[in-house]
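2 protein chains.
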Amino acid sequence: MSTSDRVELAVIGRQRPAVLEALGAEFTLHQVASVDDVAGSLGPAAGRVRGALSFPMVGFSAAMMDALPKLEIVTLYGVGLERTDLAAARERGVVVTTTPVLYEDVADTAVVLAMDVSRRITSGDRWLRAGHWAAGGQAASGRRFSGKRAGILGMGRIGRALAKRLEAFDMQIGYYDPRPAPDVGYRLYGSGAELARESDFLFLCAAGGPGTRHVVDAETLAALGPDGVFVNVARGWLVDERALVDAVTNGTIAGAGLDVFDDEPNVPQALIEMENVVLQPHMGSATHVTRTEMGRLVLENVAAWSEGKPLVTQVV
Amino acid sequence: MSTSDRVELAVIGRQRPAVLEALGAEFTLHQVASVDDVAGSLGPAAGRVRGALSFPMVGFSAAMMDALPKLEIVTLYGVGLERTDLAAARERGVVVTTTPVLYEDVADTAVVLAMDVSRRITSGDRWLRAGHWAAGGQAASGRRFSGKRAGILGMGRIGRALAKRLEAFDMQIGYYDPRPAPDVGYRLYGSGAELARESDFLFLCAAGGPGTRHVVDAETLAALGPDGVFVNVARGWLVDERALVDAVTNGTIAGAGLDVFDDEPNVPQALIEMENVVLQPHMGSATHVTRTEMGRLVLENVAAWSEGKPLVTQVV
Numbered sequence: 013m014s015t016s017d018r019v020e021l022a023v024i025g026r027q028r029p030a031v032l033e034a035l036g037a038e039f040t041l042h043q044v045a046s047v048d049d050v051a052g053s054l055g056p057a058a059g060r061v062r063g064a065l066s067f068p069m070v071g072f073s074a075a076m077m078d079a080l081p082k083l084e085i086v087t088l089y090g091v092g093l094e095r096t097d098l099a100a101a102r103e104r105g106v107v108v109t110t111t112p113v114l115y116e117d118v119a120d121t122a123v124v125l126a127m128d129v130s131r132r133i134t135s136g137d138r139w140l141r142a143g144h145w146a147a148g149g150q151a152a153s154g155r156r157f158s159g160k161r162a163g164i165l166g167m168g169r170i171g172r173a174l175a176k177r178l179e180a181f182d183m184q185i186g187y188y189d190p191r192p193a194p195d196v197g198y199r200l201y202g203s204g205a206e207l208a209r210e211s212d213f214l215f216l217c218a219a220g221g222p223g224t225r226h227v228v229d230a231e232t233l234a235a236l237g238p239d240g241v242f243v244n245v246a247r248g249w250l251v252d253e254r255a256l257v258d259a260v261t262n263g264t265i266a267g268a269g270l271d272v273f274d275d276e277p278n279v280p281q282a283l284i285e286m287e288n289v290v291l292q293p294h295m296g297s298a299t300h301v302t303r304t305e306m307g308r309l310v311l312e313n314v315a316a317w318s319e320g321k322p323l324v325t326q327v328v
Numbered sequence: 013m014s015t016s017d018r019v020e021l022a023v024i025g026r027q028r029p030a031v032l033e034a035l036g037a038e039f040t041l042h043q044v045a046s047v048d049d050v051a052g053s054l055g056p057a058a059g060r061v062r063g064a065l066s067f068p069m070v071g072f073s074a075a076m077m078d079a080l081p082k083l084e085i086v087t088l089y090g091v092g093l094e095r096t097d098l099a100a101a102r103e104r105g106v107v108v109t110t111t112p113v114l115y116e117d118v119a120d121t122a123v124v125l126a127m128d129v130s131r132r133i134t135s136g137d138r139w140l141r142a143g144h145w146a147a148g149g150q151a152a153s154g155r156r157f158s159g160k161r162a163g164i165l166g167m168g169r170i171g172r173a174l175a176k177r178l179e180a181f182d183m184q185i186g187y188y189d190p191r192p193a194p195d196v197g198y199r200l201y202g203s204g205a206e207l208a209r210e211s212d213f214l215f216l217c218a219a220g221g222p223g224t225r226h227v228v229d230a231e232t233l234a235a236l237g238p239d240g241v242f243v244n245v246a247r248g249w250l251v252d253e254r255a256l257v258d259a260v261t262n263g264t265i266a267g268a269g270l271d272v273f274d275d276e277p278n279v280p281q282a283l284i285e286m287e288n289v290v291l292q293p294h295m296g297s298a299t300h301v302t303r304t305e306m307g308r309l310v311l312e313n314v315a316a317w318s319e320g321k322p323l324v325t326q327v328v
C-alpha cells in the first residue's frame, strides 16, 4: 500500500507508545495539538482522517466530529462517556468504543484508598520516614476498617466489584443509585445524603453523565460526619471540591482518599497540605496488565473497523 | 484502704494513659525505668510488687520475674509470647494474660500494605504532593492486586482472617505452616521458599516463637522474585532484614510493605530512602477501637485477679 493510500487517524492526548507504534505500522497518525481546534491542528489532513483515538476525560465533542468530516470511528482509552457526544456520533454514523476492562482495578483502588486513610498508612509512612519513630515518638492510632458501614454511590460494575470486596471485611453495605439494582441485595437509600448519614465510608463510584455535577455536596459530606471517610474513584466534578476541601480541613469528615479531581492534574493546594487525605494522580486503572489490555482493545477495535468486522467493545 | 494496704504493680514501657489512670485509682503503680534492671529500678518496692503490665515486644523474662519475688500476674498489652518465659511463669505460679482482640485489624493491615505497595499508593501520593502531576508528569503504573497468587506464612488467626479477605479479591491462596491447617482448604506448601516461588504476594503472619529467627531469608526472597511483593505484619526478627534490604534495593523482589522491624523503632536507612516500600511504625493493631478494647482487657484481667475471679484472657 503506498503512503497516499494509508488510512489516516487522529491522535488526541498522550496515547500509549506501544499502541501508537503498532498503529503507525499500518496507518498514518496525526497528533492533535489542540483539542479546541482540531481542524487547525490537523490542517488538510482533517479532511482525510477516518478514525480517532481519545481519552474519556477529553472525550469527543460534536465540534471535534465536525472538524473531521470523514470520521468513522472514535476509540476511547478508558471508560466513561460523559464528554463524548453520543447523539452527535449516532447522527454522523460514527462508532465509539471504550476499554471496559478496568473495573476490578478501580474497585481495588477504592478499597486501598479507604483503608489507607482510615489506617493512616501514607501519613504513617511519612511520619516514620521523617524520623519521628526513631526519635521516640508515638504514632497516632487510626480507625478500624473491618466491620464498618460502607455506602456506595453508584451500583454499576465498579460498585458491585467493590461491594464484593467489602463483604469479606464484614462490612454492612448500603447504596444509592438513581437506577436501583434490586439484584444486589444491599439496602437502597433514598439519596446520597441519606446514605452518607448511615455510612462510615462513603465510596463514589458513579458514572459522571449529565446532571451529575456536585452530586456529593456540602450536605452529603456533613451527613457523613466527623468519623466518616470519603473516597472518590469516579470523576472529580461529581464532588463540590470546595466543599470537600472545607470538610477535610474543618473536620466535618475524618478524611478522604481521592483518585480524581475537578481540574486534573491540578489538585487544590489545601489538600496537598493535609495529613488526613491520600491523593492519587488518577491511577484507578493504572496497572501494567490492565493498561496493556486497554491498549490491546484499542488496537483490536481499530483493526476490526479497518477490516469491516464487528467491533470488540462498541458503545454506539 | 490506706496507702500502705494498696496492692502494688510494676509498669513496663509506655502503657495506655487511660489504663494507668484507672489502675492508679486502686493500685500503687511503679514505672520500671530499665527492663534490664527491674530490681534496681523499683528499689524496695520490688519486694512488694504483685502484678506487672508489659508489652509482648518486651515480654517478661525469668530474670524479671526473679526481681519480683511476690509477682502473681503479668498482663501483656498485645499478643505474642516469644519474649515471655512461660515455663518460668508456670514454675513460679505467675499467670500471664494477653489481649487477643487484634486479629482483624492486623489482617486489614496486611491487605492494605500489599495493595499499597503494588498499586504505588504511598509513593503516588508523595509524587503528586511533590508537584510532578501538576507539572505534566505521568505517574508509573502499578501492579494489579486482584486475581494474583497470595502466599501466607503462618495460618493462625491472622492468616485465616487475611485469607478470607484475599478470597474476595479472587486471589489463589497457598500457605506454609509447620503445623498444617487442613480445615482451611488452601494448598499447603513444603517450605516458605516453595510457597514464595508460587506467590505474587508473600504475607508473613507467623508467630515469632523459638526457632523462628530469619525464617524468611535470602533464599525465600529470591524465590518470591522480581515481580513479588513481601508483607510483614508479624515480627521483624522473622526476616533476615539485611537480605530484605538487599532484595528491595537490587530488584530481587518488587517491593515490600513492612509494619515490623528487627530493631524497632530503628528502621534501616536504606529502606527509608526506597520508593518501593511502605513503612509503618508497628501499627498493625493500632485502631482506636482495638486499642481501647486491649486496654479494657488489661483492666479486666487485673480486676479479676485482684478479686480472685477467673481471668478473662489467661495464657498460663
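Line by line, the protein sequences are chains A and B.
When the letters of the first sequence are read in order and numbered with our numbering, they come out as residues 13 to 328.
When the letters of the second sequence are read in order and numbered with our numbering, they come out as residues 13 to 328.
Note that the Cβ used here is the ideal one computed from N, Cα and C, for glycine as well.
In DSSP terms, what residue i is bridged to
{"i": "Glu20 (chain A)", "result": "A:Thr40"}
{"i": "Arg161 (chain A)", "result": "A:Gln184"}
{"i": "Thr134 (chain B)", "result": "Paired residues: none, contrary to the question."}
{"i": "Asn12 (chain A)", "result": "Given that chain A is displayed from residue 13 to residue 328, the structure contains no residue 12 (chain A) and the question cannot be resolved."}
{"i": "Ile85 (chain A)", "result": "A:Gly63 and A:Val107"}
{"i": "Val329 (chain A)", "result": "Past the boundaries of the shown model lies residue 329 (chain A); chain A is included only from 13 to 328, so the question cannot be answered."}
{"i": "Arg199 (chain B)", "result": "B:Gly186"}
{"i": "Asp275 (chain B)", "result": "B:Asn278"}
{"i": "Gly154 (chain B)", "result": "A:Thr299"}
Residue interval of the beta strand (DSSP E) (run including residue i)
{"i": "Tyr188 (chain A)", "result": "Gln184 to Tyr188"}
{"i": "Ala64 (chain B)", "result": "Val61 to Ser66"}
{"i": "Val327 (chain B)", "result": "Looking at the DSSP string, Val327 (chain B) is not in any beta strand (DSSP E), and its letter there is neither H nor E."}
{"i": "Ile284 (chain A)", "result": "Counting along the chain, Ile284 (chain A) falls outside any beta strand (DSSP E), though it belongs to the alpha helix (DSSP H) covering Gln281 to Ile284."}
{"i": "Ala268 (chain A)", "result": "Gly267 to Leu270"}
{"i": "Leu214 (chain A)", "result": "Phe213 to Leu216"}
Amino acids of chain B, ordered along the chain, whose beta-carbon sits closer than 8 Å to that of residue i
{"i": "Lys321 (chain A)", "result": "Per Cβ cutoff of 8 Å: no residues; Lys321 (chain A) is ~29 Å from chain B at best."}
{"i": "Leu140 (chain A)", "result": "Val279, Ile284, Leu291, Gln292 and Pro293"}
Neighbour list for residue i in chain A, Cβ cutoff strictly below 9 Å
{"i": "Ile133 (chain B)", "result": "Thr121, Val124, Leu125, Asp128, Ile133, Thr134, Gly269, Val290, Gln292 and Met295"}
{"i": "Phe67 (chain B)", "result": "Under the 9 Å cutoff, chain A gives no residues; its nearest Cβ is about 13 Å from Phe67 (chain B)."}
Cβ of residue i within 8 Å of any chain E Cβ
{"i": "Glu116 (chain B)", "result": "In the structure shown, chain E cannot be found, because the protein chains are A and B."}
8 Å Cβ cut-off: residues of chain A touching residue i
{"i": "Thr111 (chain B)", "result": "Neighbours of Thr111 (chain B) on chain A: none; closest Cβ ~14 Å, over 8 Å."}
{"i": "Gly52 (chain B)", "result": "In chain order: nothing, as chain A lies at least about 22 Å away."}
{"i": "Gly307 (chain B)", "result": "The contacting residues do not exist; Gly307 (chain B) stays about 11 Å from chain A at best."}
{"i": "Asp137 (chain B)", "result": "Thr134, Val290, Leu291 and Gln292"}
{"i": "Ala146 (chain B)", "result": "Pro277, Asn278 and Val279"}
Residue i: contacting residues in chain A (beta-carbon distance under 7 Å)
{"i": "Phe261 (chain B)", "result": "The sequence given here has Thr at residue 261 (chain B), not Phe. Per Cβ cutoff of 7 Å: no residues; Thr261 (chain B) is ~16 Å from chain A at best."}
{"i": "Ser153 (chain B)", "result": "Ala298, Thr299, His300 and Arg303"}
Distance between beta carbons of residue j and residue i, contact taken as under 8 Å
{"i": "Trp145 (chain B)", "j": "Ala151 (chain B)", "result": "7 Å"}
{"i": "Leu214 (chain B)", "j": "Ala205 (chain B)", "result": "Not confirmed; about 10 Å, so no contact."}
{"i": "Leu165 (chain A)", "j": "Ala218 (chain A)", "result": "5 Å"}
{"i": "Asp212 (chain B)", "j": "Val257 (chain B)", "result": "With a Cβ gap of about 21 Å, Asp212 (chain B) and Val257 (chain B) do not count as contacting."}
{"i": "Asp76 (chain A)", "j": "Val50 (chain A)", "result": "Looking at the sequence itself, residue 76 (chain A) is Met, so the reference to Asp does not match. About 5 Å; that satisfies the 8 Å criterion."}
{"i": "Met127 (chain B)", "j": "Val129 (chain A)", "result": "Actually they do not touch by this definition, with Cβ atoms about 13 Å apart."}
{"i": "Asp252 (chain A)", "j": "Val279 (chain A)", "result": "Asp252 (chain A) to Val279 (chain A), Cβ: 15 Å. No contact."}
{"i": "Arg223 (chain B)", "j": "Tyr201 (chain B)", "result": "The sequence shown places Gly at residue 223 (chain B), rather than the Arg named in the question. Rounded, the Cβ-Cβ distance is 19 Å, inconsistent with contact."}
Boundaries (first-last residue) of the alpha helix (DSSP H) holding residue i
{"i": "Asn262 (chain A)", "result": "Glu253 to Asn262"}
{"i": "Asn244 (chain B)", "result": "Note, Asn244 (chain B): premise wrong, no alpha helix (DSSP H); beta strand (DSSP E) at Val241 to Asn244."}
{"i": "Thr302 (chain B)", "result": "His300 to Ser318"}
{"i": "Val2 (chain A)", "result": "Since the first residue of chain A shown is 13 and the last is 328, residue 2 (chain A) is not available in this structure."}
{"i": "Thr96 (chain B)", "result": "Unbroken run through Thr96 (chain B): none, as it is neither H nor E."}
{"i": "Asp78 (chain B)", "result": "Ala74 to Ala79"}
{"i": "Ala173 (chain B)", "result": "Arg169 to Glu179"}
{"i": "Arg191 (chain A)", "result": "Looking at the DSSP string, Arg191 (chain A) is not in any alpha helix (DSSP H), and its letter there is neither H nor E."}
{"i": "Glu206 (chain A)", "result": "Gly204 to Arg209"}
Beta-carbon neighbours of residue i, restricted to chain B and to distances below 7 Å
{"i": "Phe157 (chain A)", "result": "Asp120"}
{"i": "Lys176 (chain A)", "result": "Ala180"}
Chain-ordered neighbours of residue i on chain B, where CB pairs are closer than 9 Å
{"i": "Glu179 (chain A)", "result": "Ala180"}
Should the stretch 173-184 of chain A be called in touch with the stretch 168-175 of chain B, which here means at least 3 C-beta pairs below 8 Å?
no
Pair every Cβ in the stretch 284-295 of chain A with every Cβ in the stretch 75-88 of chain A, then say whether three or more of these pairs are closer than 8 Å.
no
Stretch-stretch touch, CB-based, cutoff 8 Å, three pairs: the stretch 239-247 of chain A with the stretch 272-281 of chain A
yes
Using 8 Å as the Cβ pair cut-off and three pairs as the minimum, do the stretch 57-64 of chain A and the stretch 96-103 of chain A touch?
no
Three Cβ pairs or more, each shorter than 8 Å: is that satisfied between the stretch 131-146 of chain A and the stretch 113-120 of chain A?
no
Just checking, does the stretch 180-196 of chain B make contact with the stretch 183-196 of chain A on the three C-beta pairs under 8 Å criterion?
no
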